[in-house]
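Below is one structure, written out as structure tokens; comments come after it.
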Amino acid sequence: MSRRPLTVGIIANPASGRDVRRLTANAGLFSSTDKVSVIQRLLAAFGATGIEQVLMPTDMIGMAAAVLKNSHSRQARSSHWPALEFLDLTLRQTVEDTRRAARLMAEREVALIAVLGGDGTHKAVAAEVGDIPLLTLSTGTNNAFPELREATSAGLAGGLYACGRIPDEIGLRRNKRLLVCDAARGLREVALVDVAVSPLRFVGARAISRAQDLAEVFVTFAEPQSIGLSALCGLWFPVSRQAPGGAWMRLDPQSPEALLVPLAPGLLQGCGVLAAGPLEPGVAHGLSLSAGTLALDGEREIEFNAHDRPTVTLDAGGPLSIDVNAVLTYAAQQRLLAIGREHPQHPLNLQEDTPGE
């Protein structure tokens with residue numbers, strides 16, 4: 001029986017970093033060319049660490065086609081890119097494309113999935129893959145869950161972990177999440193970063209970008225340098241990713257206390273603060289409004305009325321992600337990336353030289 005190749009997945013959201021918030025806030029776009037470059041840097045790092053195969057979805061803006069074309073280049077051969085396999089998907093240009101790709105990768109039992117996107121993209125992938133670790137890369141508009149880092153270093157960390165050279169207790173981080181539930185409606189949705197309560201009655205334009213459209217925010221973590229809704233708590237009642245609890249904040253435009261917040265790149269608004277406090281794990285919280293909409297990780301998705309009873313609960317059982325800093329620190333301590341003569345089994349030493357064209 002032949003051995004299965006060591007396989008990882010890459011999911012890049014074609015639409016991430018291109019939504020209306022970037023246009024209205026004068027922020028730069030994250031183009032398809034930029035994403036292709038990120039993918040190619042990942043492939044070089046994966047190949048250098050011993051990954052043999054990468055699964056990717058197709059897309060309708062040419063990213064997969066560009067990667068495939070470039071995989072035949074001298075640079076790709078000299079970098080020993082893994083073999084590429086493109087998933088057979090019926091594309092709808094919706095979040096279902098991301099979910100379907102994630103499910104197919106889970107069925108193939110990939111060692112990890114590198115995700116290029118914002119909070120919403122990571123949430124969609126995490127909902128489908130159970131405990132398959134995510135290598136998170138920020139290419140969206142509001143990026144609190146995926147940390148901003150260079151793809152080459154992230155790829156080295158992901159490749160080392162996927163190849164079994166990093167202990168789970170060092171390489172993996174269990175993330176928190178928020179559960180939005182309403183038993184009477186059969187509702188159970190998940191957010192990785194924040195749930196915002198808005199007085200707006202209809203989903204409509206999904207992104208929240210105005211302070212007056214916010215009444216309440218719940219967060220899993222809130223860092224002072226964040227952009228987006230979690231920045232509200234991050235600049236008033238910060239809580240770290242590693243802390244067991246989260247935070248909540250109630251807002252009112254008429255409050256005498258106000259906070260200047262970056263709700264999107266380049267978009268600063270004053271938000272009236274009524275109160276804030278810690279969010280304890282496992283405690284279900286009702287909402288301050290009787291009707292409105294709920295935004296999960298920045299996108300309004302759920303409408304509720306006076307007869308509904310949605311609650312928000314902080315839960316410790318969120319997705320696993322690669323702790324890039326911890327992995328690379330361990331790699332340095334153990335000399336895992338050494339490629340001298342005294343390390344003959346390193347993947348780079350096992351590759352044959354690529355002949356010139």
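In this text, residue positions in the sequence shown follow UniProt numbering: the first is 1, and each later residue adds one. For each residue, glycine too, the CB sits at the ideal point set by N, CA and C.
Where does residue i fall in DSSP's three states?
{"i": "G159", "result": "helix"}
{"i": "S198", "result": "strand"}
{"i": "R22", "result": "Note that R22 has pLDDT 49, beneath the 50 cutoff, so the model's placement of it is unreliable and the number below is only indicative. DSSP places R22 in helix when its eight states are reduced to three."}
{"i": "T313", "result": "strand"}
{"i": "I339", "result": "coil"}
{"i": "A66", "result": "helix"}
{"i": "D252", "result": "coil"}
{"i": "V180", "result": "strand"}
{"i": "I170", "result": "helix"}
{"i": "T293", "result": "strand"}
{"i": "V54", "result": "strand"}
{"i": "L42", "result": "helix"}
{"i": "L148", "result": "coil"}
{"i": "R188", "result": "strand"}
{"i": "S153", "result": "helix"}
{"i": "A284", "result": "strand"}
{"i": "R74", "result": "helix"}
{"i": "A331", "result": "helix"}
{"i": "A306", "result": "coil"}
{"i": "S32", "result": "helix"}
{"i": "T49", "result": "helix"}
{"i": "A326", "result": "helix"}
{"i": "S138", "result": "strand"}
{"i": "S79", "result": "coil"}
{"i": "S16", "result": "coil"}
{"i": "R3", "result": "coil"}
Assuming the contact rule is C-beta atoms closer than 8 Å, residue i and residue j should be a hit. Round their C-beta distance to whole Å, please.
{"i": "R220", "j": "L178", "result": "According to the sequence shown, residue 220 is Thr rather than Arg. Yes, T220 and L178 are in contact; Cβ-Cβ is about 6 Å, under 8 Å."}
{"i": "L192", "j": "G292", "result": "22 Å between Cβ atoms; not a contact."}
{"i": "V324", "j": "A144", "result": "The pair is not a contact, with the Cβ atoms about 16 Å apart (cut-off 8 Å)."}
{"i": "A211", "j": "G270", "result": "6 Å"}
{"i": "P244", "j": "G234", "result": "Wrong, their Cβ atoms sit about 17 Å apart, outside the cutoff."}
Would you mind working out which of the options sits nearest residue i, comparing C-alpha positions?
{"i": "L42", "options": "T136, L172 and G118", "result": "T136"}
{"i": "T49", "options": "H80, R241 and E96", "result": "H80"}
{"i": "R335", "options": "L160, A76, G9 and A106", "result": "L160"}
{"i": "I61", "options": "P14, T7, E189 and I170", "result": "P14"}
{"i": "A331", "options": "L260, L156 and T94", "result": "L156"}
{"i": "residue 387", "options": "E109, P278 and T33", "result": "Beyond the ends of the chain as shown, which are 1 and 357, falls residue 387; an answer cannot be given."}
{"i": "A247", "options": "A196, P238 and R149", "result": "P238"}
{"i": "R188", "options": "D97, L112 and L294", "result": "L294"}
{"i": "S321", "options": "E85, L148 and R174", "result": "R174"}
{"i": "L87", "options": "L68, I132 and A76", "result": "L68"}
{"i": "V273", "options": "T90, A12, V217 and R206", "result": "V217"}
{"i": "R201", "options": "R300, A222 and A243", "result": "R300"}
{"i": "L84", "options": "T90, Q93 and G47", "result": "G47"}
{"i": "Q75", "options": "A65, T58, L89 and Q40", "result": "Q40"}
{"i": "A66", "options": "D34, L232, T90 and D97", "result": "D34"}
{"i": "L148", "options": "V95, P256, V38 and Q93", "result": "V38"}
{"i": "A258", "options": "A264, L232 and V283", "result": "L232"}
{"i": "L134", "options": "L172, R206, Q242 and L296", "result": "L172"}
{"i": "E128", "options": "I11, P256 and G340", "result": "I11"}
{"i": "L91", "options": "D59, N70 and S71", "result": "D59"}
{"i": "Q333", "options": "I166, E96, H72 and G186", "result": "I166"}
{"i": "A162", "options": "D97, S73, V54 and E96", "result": "V54"}
Would you kindly check if the distance between the Cβ of residue j and the Cβ of residue i is under 8 Å?
{"i": "V180", "j": "E303", "result": "no"}
{"i": "G140", "j": "S226", "result": "no"}
{"i": "D182", "j": "P310", "result": "yes"}
{"i": "residue 363", "j": "V327", "result": "In the structure as shown, the chain starts at 1 and stops at 357, and residue 363 therefore has no counterpart that could be examined."}
{"i": "A126", "j": "R99", "result": "no"}
{"i": "S230", "j": "D194", "result": "yes"}
{"i": "T152", "j": "A44", "result": "yes"}
{"i": "A306", "j": "S290", "result": "yes"}
{"i": "P281", "j": "D315", "result": "yes"}
{"i": "G158", "j": "L112", "result": "yes"}
{"i": "P82", "j": "V115", "result": "no"}
{"i": "I51", "j": "L104", "result": "no"}
{"i": "G228", "j": "G298", "result": "yes"}
{"i": "L260", "j": "L268", "result": "yes"}
{"i": "A276", "j": "W236", "result": "yes"}
{"i": "V197", "j": "A215", "result": "yes"}
{"i": "A101", "j": "L89", "result": "yes"}
{"i": "S32", "j": "M56", "result": "no"}
{"i": "T329", "j": "V283", "result": "no"}
Any heavy atom of the ligand MN closer than 7 Å to the beta-carbon of residue i?
{"i": "A157", "result": "Looking at this structure, you won't find the ligand MN or any other ligand, since it has none at all."}
Taking 8 Å as the threshold (beta carbon to beta carbon), is residue i in contact with chain D?
{"i": "P265", "result": "Among the chains of the structure shown, chain D does not appear; only one protein chain is present."}
Enumerated in chain order, which unbroken segments of the alpha helix (DSSP H) with a length of 4 residues or greater are wholly contained in the segment 87 to 132?
Entirely contained in the segment 87 to 132, the alpha helix (DSSP H) runs reaching 4 residues are, in chain order, 95 to 107 and 119 to 129.
Which ranges would you report for the alpha helix (DSSP H) in the segment 208 to 242 if only whole runs of at least 4 residues count?
Counting whole runs of 4 or more residues, the segment 208 to 242 contains the alpha helix (DSSP H) stretches 230 to 234.
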